[in-house]
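Per the working numbering, the sequence shown runs over residues 7 to 405.
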Amino acid sequence: MNKIALLAIGGGLLAQPAIADEIFFEASGKLSTEVTMYASEGAFSQQDYRSNLSVALTPEFFWEWNDGQDSVTFQPFLRKDQRDAQRTHADIRELSWVHLSDNWELRSGYRKVFWGVTEFQNLVDVINQKDSVEGLDSSNKLGQPMINLSLVKDWGIIDFYVLPGFREQTYSSADGRLRAGLTVHDSLTSYESSRKEDHIDLAARWSHSIDVYDIGAHWFKGTDRSAQYQVVTLNGSPVLKAHYQQIEQVGVDIQATIDSWLYKGEVIYQDNDSENFWAAQLGAEYTLYGIQESNTDLGILLEYGYDQRGTDASANMQNDIGFGARLAFNDTQSSSVLAGVIHDLDYHGTSFSIEAERRFGDNWKATLEGKAFSSGSSNDPASIFDKDDYIKLTLDRYF
7 MNKIALLAIG GGLLAQPAIA DEIFFEASGK LSTEVTMYAS EGAFSQQDYR
57 SNLSVALTPE FFWEWNDGQD SVTFQPFLRK DQRDAQRTHA DIRELSWVHL
107 SDNWELRSGY RKVFWGVTEF QNLVDVINQK DSVEGLDSSN KLGQPMINLS
157 LVKDWGIIDF YVLPGFREQT YSSADGRLRA GLTVHDSLTS YESSRKEDHI
207 DLAARWSHSI DVYDIGAHWF KGTDRSAQYQ VVTLNGSPVL KAHYQQIEQV
257 GVDIQATIDS WLYKGEVIYQ DNDSENFWAA QLGAEYTLYG IQESNTDLGI
307 LLEYGYDQRG TDASANMQND IGFGARLAFN DTQSSSVLAG VIHDLDYHGT
357 SFSIEAERRF GDNWKATLEG KAFSSGSSND PASIFDKDDY IKLTLDRYF
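Here it is as structure tokens:
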């Protein structure tokens, strides 16, 4: 209740004068049908299947008034999954009020925020929690309660965040794929903070464009979005217990656009009660425009991820190199293909991914996604995915 009251107070103060104004309303959204085919049955019990069907509904409702200075967006999300009971879930991706002024904006409610410039991993993206049952892609996020004041200055944009409430990461059930051998039980979750999920986190970010450089710097203090895991016994069986610690993190991200080159980098330093460390994600992208005298552009990507903690790191890339290629056909159907390979220089494991998408008409889009995993040894944490190679077709109907 305190969380809701705080957001309501922040949003209601400026919205009241506009109640009598004419309100513009728009409803839209998409219905997604997803079919996944696995190369083999899973490595763990209850994964004895090679296909899965899932449907998801993502409607969006938008209200605007006060000559466009005030708006409310509501975007719920619902999924029904054939196999994984935990993947059958609902969430509020966004329920927020935004007030615009000449040189500032105030945003309050449930929102999603993205920070970062690199392709394979975004170390600086710390505001939202991952919706992990949606897949390995970190762009799948839960809505985060927040109050965000954004100040527009000549020397950059300053964003201040008050985050009144933490959301736990979602996890697959024993029937789910792409999971650890042991399941995570929500009932055992613990926190370093005595306020648990009611701890109020704080964050700030400065961003600015200077010549060919896009620069961002951030500070975050609060509950870590990544959990620490411990094996415990529940009803005589081993399970995983998630523990969320308090952290303080600073970081920078920078992108330089020089001719056909994009140079990208993200660096963070994090401090918590158990350790302090720094990590970096560095890379470049070169684009060949109009290949073979066509409208198609080809981008070549190369990135390296480093984490000072080495093999103890929870990051996806702790000493890994990533190579990718992006084809943009620049046609009316927005056709594109993105392929990538990540190789772990410590464990010598490799993962492959490809994603192709194309629109059909005004209301349809098809996306084909594939992933394959090859661990270097049984000690490789990624070896849990060795039998989870898959191809997934998603058909979106927009309305």
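By construction, the Cβ of each residue, glycine as well, lies at the ideal position given by its N, Cα and C atoms. Because the structure is a prediction, the values reported are computed rather than measured.
If the criterion is Cβ atoms closer than 7 Å, does the pair residue i and residue j meet it?
i	j	result
Val-245	His-191	yes
Asn-134	Gln-150	yes
Gln-92	Val-139	yes
Asn-146	Asp-137	yes
Ser-38	Asp-394	no
Glu-32	Phe-80	no
Gly-182	Phe-50	no
Tyr-197	Tyr-250	yes
Ile-327	His-349	yes
Ala-62	Arg-85	yes
Tyr-275	Trp-267	no
Gly-122	Asp-220	no
Leu-304	Leu-344	no
Arg-201	Met-152	no
Go to residue i, then tell me how far its beta strand (DSSP E) extends in each direction, as first and last residue.
i	result
Glu-32	30–44
Asp-87	76–87
Gln-150	150–159
Glu-174	First-last for Glu-174: undefined, no H or E at that position.
Gln-255	252–264
Val-139	First-last for Val-139: undefined, no H or E at that position.
Thr-293	282–294
Ile-390	Per DSSP, Ile-390 belongs to no beta strand (DSSP E) and is neither H nor E.
Ala-62	57–71
Gly-122	Careful: Gly-122 lies outside any beta strand (DSSP E) and carries neither H nor E.
Ala-96	95–106
Val-273	267–278
Leu-188	No beta strand (DSSP E) holds Leu-188; DSSP gives it neither H nor E.
Lys-118	Per DSSP, Lys-118 belongs to no beta strand (DSSP E) and is neither H nor E.
Have a look at the options and flag the residue whose alpha-carbon is nearest the alpha-carbon of residue i.
i	options	result
Thr-338	Thr-356, Asp-368 and Asp-326	Asp-368
Arg-364	Asn-336, Gly-289 and Arg-231	Asn-336
Ala-286	Trp-225, Gln-276, Gly-311 and Gln-298	Gly-311
Leu-155	Ala-209, Ala-96 and Val-130	Ala-209
Lys-227	Asn-278, His-214 and Gly-271	Asn-278
Val-132	Phe-405, Asp-76, Ile-297 and Phe-120	Phe-120
Ser-232	Ser-144, Ala-345 and Phe-358	Ser-144
Lys-371	Phe-379, Lys-377, Glu-361 and Ser-380	Glu-361
Thr-302	Arg-117, Glu-111, Tyr-269 and Ser-341	Ser-341
If I'm right that residue i touches residue j with Cβ under 8 Å, what's the distance once you round it to whole angstroms?
i	j	result
Leu-307	Phe-329	7 Å
Gly-289	Trp-212	Actually they do not touch by this definition, with Cβ atoms about 23 Å apart.
Phe-391	Leu-184	6 Å
His-214	Val-256	Incorrect: roughly 17 Å between the Cβ atoms, too far for contact.
Glu-47	Ser-60	So it is not a contact: roughly 18 Å between Cβ atoms.
Q: Could I get the ranges of all uninterrupted alpha helix (DSSP H) runs contained in the stretch 203–236, with 4 residues as the minimum, in chain order?
A: Within the stretch 203–236, no complete alpha helix (DSSP H) segment of 4 residues or longer occurs.
Q: Identify every run of the alpha helix (DSSP H) within the stretch 319–388, keeping only runs that are complete inside it and at least 4 residues long; order them along the chain.
A: The qualifying runs do not exist here; there are none.
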